[in-house]
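Working notes, beginning with the structure itself.
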Amino acid sequence: MYTFKKEERLCNKRLIDKLFHNGSSFLCYPFRVSWLLNTEPQLYPAQILFSVSKKRYKHAVDRNTIKRLMRETYRLNKQQQLYQALQLADKKVLISVGYVGKEIEPYLFLEKKMLKLLNQLSNELAASNLAAS
2 MYTFKKEERL CNKRLIDKLF HNGSSFLCYP FRVSWLLNTE PQLYPAQILF SVSKKRYKHA
62 VDRNTIKRLM RETYRLNKQQ QLYQALQLAD KKVLISVGYV GKEIEPYLFL EKKMLKLLNQ
122 LSNELAASNL AAS
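Under our numbering, the first residue of the sequence shown carries the number 2, and numbering increases by one thereafter.
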């Protein structure tokens, strides 16, 4: 249940390009989120990509620390916040989460913001469902 497998990571270059060219996005500080409903078959309801700007964080240690914190908060909260809504709607989604914060925030702050982000994302997905219907 609380796993984050390779199949849940967004690695396909074609899908990443599609996400950034056709997807919708919103800001939930310190995260910038891009998302796109995916029509292609995938094992999990969501595939996600985490990124941290090399321009803002020069040291790889800092970038890796932030990505590790982001992945951990996502892994622990994705099931009840995102997957259930996606499975009920029978939708698949591609997500990109970029870190735009100025400094490395503590875990509890990032977890609170990740919960807010996942709620906002499921609300936007629900709104897009209503618009499509």
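Glycine is no exception: its CB is placed at the ideal position from the N, C-alpha and C atoms.
Query, Result
"For residue 50, which beta-bridge partners are listed by DSSP?", "97"
"Who does residue 38 pair with in a DSSP beta bridge?", "94"
"Exposed or buried, what is residue 79 when buried is set at 16 or more other beta-carbons lying within 10 Å of its beta-carbon?", "buried"
"Report back the beta-carbon spacing between residue 50 and residue 97 to the nearest angstrom; my notes put them in contact at under 8 Å.", "5 Å"
"According to DSSP, is residue 28 helix, strand or coil?", "strand"
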